[in-house]
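In the numbering used here, the protein residues as written are 40 to 105.
Everything on this sheet refers to the single structure shown next.
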């Protein structure tokens, strides 16, 4: 959906990570993503295929700061 030619850019970009892994530092990952994406990050769960807004269960929001 987010390809460079015909992408549907109004749909959320989904990045799936397992925070239970001791190898991932949540704070650092979010900071690095915001450095590139320059947007607020919503952390939560995706149910079903994640194609509809109601499929996203937001548990945490990290605001983008300049």
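The beta-carbon is built from N, C-alpha and C at its ideal position, and this holds for glycine as well.
Expected contact under 8 angstroms - CB spacing of residue i and residue j to nearest Å
i           : j           : result
residue 103 : residue 77  : 6 angstroms
residue 96  : residue 86  : 7 angstroms
residue 69  : residue 101 : 5 angstroms
Residues that residue i bridges to, as DSSP identifies them
i          : result
residue 90 : DSSP output for residue 90 lists no bridge partner at all.
residue 95 : 85
Problem set entry | Segments assigned alpha helix (DSSP H), at least 4 residues, entirely inside the segment 45 to 80 | Contiguous alpha helix (DSSP H) elements confined to the segment 45 to 80 occur at 65 to 76, taking only those with 4 or more residues.
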